[in-house]
Amino acid sequence: MTVEFIKELESKLDQLRVDGLFKDERVITSPQNSSISLSENCDVINLCSNNYLGMSNNQALIEVAQASLRNYGFGMSSVRFICGTQDQHKVLEQNISSFLHQEDAILYSSCFDANTGLFETLFDHNDAIISDSLNHASIIDGIRLCKSKVFRYENGDMVDLETQLQMAKDYRYKVVATDGVFSMDGYIANLDKICNLAEKFNAMVMVDDSHGVGVLGKNGKGSIEHCNVIDRVTMVTGTLGKALGGASGGYVAAPKEIINWLRQRSRPYLFSNSLAPVIVQTTLSALKDISSSNNLRSRLFNNTQKFREGLTNLGFEILNGEHPIVPVMLRNPKLAQDFSQKLLEKGIYVVAFSYPVVPKGLDRVRTQISAAHSDEEIDQALTAFAFVGNELGIL
Ligand SMILES: Cc1ncc(COP(=O)(O)O)c(C=O)c1O
3 MTVEFIKELE
13 SKLDQLRVDG
23 LFKDERVITS
33 PQNSSISLSE
43 NCDVINLCSN
53 NYLGMSNNQA
63 LIEVAQASLR
73 NYGFGMSSVR
83 FICGTQDQHK
93 VLEQNISSFL
103 HQEDAILYSS
113 CFDANTGLFE
123 TLFDHNDAII
133 SDSLNHASII
143 DGIRLCKSKV
153 FRYENGDMVD
163 LETQLQMAKD
173 YRYKVVATDG
183 VFSMDGYIAN
193 LDKICNLAEK
203 FNAMVMVDDS
213 HGVGVLGKNG
223 KGSIEHCNVI
233 DRVTMVTGTL
243 GKALGGASGG
253 YVAAPKEIIN
263 WLRQRSRPYL
273 FSNSLAPVIV
283 QTTLSALKDI
293 SSSNNLRSRL
303 FNNTQKFREG
313 LTNLGFEILN
323 GEHPIVPVML
333 RNPKLAQDFS
343 QKLLEKGIYV
353 VAFSYPVVPK
363 GLDRVRTQIS
373 AAHSDEEIDQ
383 ALTAFAFVGN
393 ELGIL
């Protein structure tokens, strides 16, 4: 029995390799940064991390982390409701909720857990979730776990959203669920229109702002601030694993009754270990930096603008926008693979995405800019793009 099972897996893995869909993990031997060392013994400029504000290897944060290890220890060896809640867990929850203008917040081990722990705890077969077709896998799985009726609308299509809301109108509670920023395209959700429609149909709005928090908005509060809807959304989820230091962890911020209910019933919260003390303390410090200064954000947006303009001037097709996710469209799976391989040989690390991660024909390399990139690194990246673009006959 086991032999057959292992053989079947082997052949499925072989098929992935044949189809060019097998994901190899490149091994990094340095800290995460704008430039990194790879196990192949080379240093490359990193254009594919979510280290938007460059906090993953920030020296001041590392010192906070070291002090935290001394003061709060390494692990909690418990879930929150047994003996896994330190004073700082409560403080981080308070700080996240006030940063996002919500009454309360609850920490999870990841945003994936936050999204999978949210819907089934709050909604049942009487309710409807109206979900953007490009929502993150964790929202999709979260919705699958709950018994609510699902209405899917085409990505960013407000006419379709209205149609779906109309179809869902007789359900008890209705929730529009959307990413704040769609990670493959860097597009920002049209939260203003989403809130208008939700209000028209008496629906709530849930935003996963994993790629928005710390990055977008005048004060870094994310897509909800960027779109001026911070006081119109019911629930916000997000990750601590991108702009906010990049370690791991996630949260839901919402009215206090929602958070209290999640603390009582949300399974990934109740039955999974507390967030490590060092992450809590260091994220508190990262959040303080983000809320008290715009320096890193303005550096990030200068870098992003320079890179977007540079690529456009060279003649590359990029998806429009302002987010530091900058997809370079190649529209052919082999070309995208060759492009990323040749860039690596030139010292630039990017990843190619093809079907089924993106629709057929929309193959691309997705680049991500960081506040940590220097002007020289951006220039060097653009020079390499120009070289490879010419070599492969794209330009
Ligand atoms: C939109 C979105 N939501 C959720 C997640 C999951 O976050 P975490 O890594 O904290 O589980 C990600 C991470 O890729 C994401 O991009």
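In the working numbering, the protein residues as written are 3 to 397. Just so it is clear, CB atoms sit at the ideal spot from N, CA and C, and this is done for glycine as well. Here the structure is a predicted model, which means the values were calculated and not measured.
Cβ distance (whole Å) where residue i is taken to contact residue j below 8 angstroms
i	j	result
Phe114	Gly252	7 angstroms
His103	Ile232	5 angstroms
Ile380	Phe309	5 angstroms
Lys171	Met206	That belief does not hold up - the Cβ atoms of Lys171 and Met206 are roughly 14 angstroms apart, past 8 angstroms.
Leu49	Ile350	6 angstroms
His228	Ser185	Going by Cβ atoms, the distance from His228 to Ser185 rounds to 16 angstroms, so no, they are not a contact pair.
His325	Gly188	4 angstroms
Ala249	Gly56	Actually they do not touch by this definition, with Cβ atoms about 14 angstroms apart.
Thr285	Leu94	6 angstroms
Arg146	Ser133	About 10 angstroms separates the two Cβ atoms, so there is no contact after all.
Gly77	Ala383	Not really, about 39 angstroms apart at Cβ, beyond 8 angstroms.
Ile327	His213	7 angstroms
Beta-carbon spacing of residue i, residue j below 8 angstroms
i	j	result
Leu90	Tyr74	Note on identity: in this sequence residue 90 is Gln, with Leu being the wrong assignment. Contact flag set, yes.
Gly182	Val152	no
Ile226	Val235	yes
Tyr54	Leu313	no
Ser58	Gln96	no
Val367	Leu321	no
Val282	Leu246	no
Asp377	Leu337	no
Leu15	Phe24	yes
Phe341	Val280	no
Ala255	Ser99	yes
Ala107	Ile261	yes
Pro335	Gly86	no
Lys344	Leu298	no
Glu105	Pro257	yes
Simplified DSSP state of residue i, which is helix, strand or coil
i	result
Cys148	coil
Tyr175	coil
Thr369	strand
Met206	strand
Phe309	helix
Asp233	coil
Asp115	helix
Phe355	strand
Tyr271	helix
Gly56	coil
Ala288	helix
Asp340	helix
Phe153	strand
Ile226	helix
Ile396	coil
Close Cβ partners of residue i (< 7 angstroms) along its chain, the five nearest in sequence each way excluded
i	result
Leu287	One detail in the question is off: residue 287 reads as Ser in this sequence, not Leu. These residues qualify, in order along the chain: Leu63, Val66.
Arg269	Gly119
Val81	Leu272, Phe273, Ser274, Asn275, Ser276
Phe101	Lys223, Leu289, Ser293
Ser140	Cys113, Phe114, Asn117, Thr118
Glu164	Leu199
Proximal residues to residue i (C-beta, below 6 angstroms), its chain only, five neighbours per side dropped
i	result
Ser274	Ser111
Cys148	Phe121, Glu122, Phe125
Ala200	Val178, Val207
Asp129	Ser150, Tyr173, Arg174, Tyr175
Asp143	Thr118
Val241	One detail in the question is off: residue 241 reads as Thr in this sequence, not Val. Hits under 6 angstroms: Cys113, Ser212, Gly252.
Member of the options whose CA lies at the smallest distance from the CA of residue i
i	options	result
Phe387	Ala249, Val178, Pro329, Ala191	Pro329
Gly158	Asp143, Lys195, Ile142, Ser140	Lys195
Val443	Lys336, Asp211, Lys244	Because the chain here runs from 3 to 397, residue 443 falls outside it and cannot be looked at.
Lys244	Gln88, Gln68, Ile371	Ile371
Ile131	Phe203, Phe101, Thr87	Phe203
Leu346	Glu12, Asn43, Lys9, Val20	Asn43
Lys220	Thr87, Arg174, Ser295, Leu394	Ser295
Val161	Gln307, Ser150, Asn198	Asn198
Ala191	Leu136, Gly144, Lys362	Leu136
Beta-carbon proximity list for residue i, same chain, < 8 angstroms, skipping 5 on both sides
i	result
Leu40	Arg28, Val29, Ile30, Thr31, Val46, Tyr351
Arg267	Thr123
Ala69	Gln283
Proximity test, Cβ basis, 8 angstroms: residue i and chain C
i	result
Arg146	Protein chain content of the structure displayed is limited to a single chain, and chain C is not contained in it.
### Query
Which residues have their C-beta within less than 5 angstroms of a heavy atom of ligand 3, listed in chain order?
What this structure holds is ligand 1, not ligand 3.
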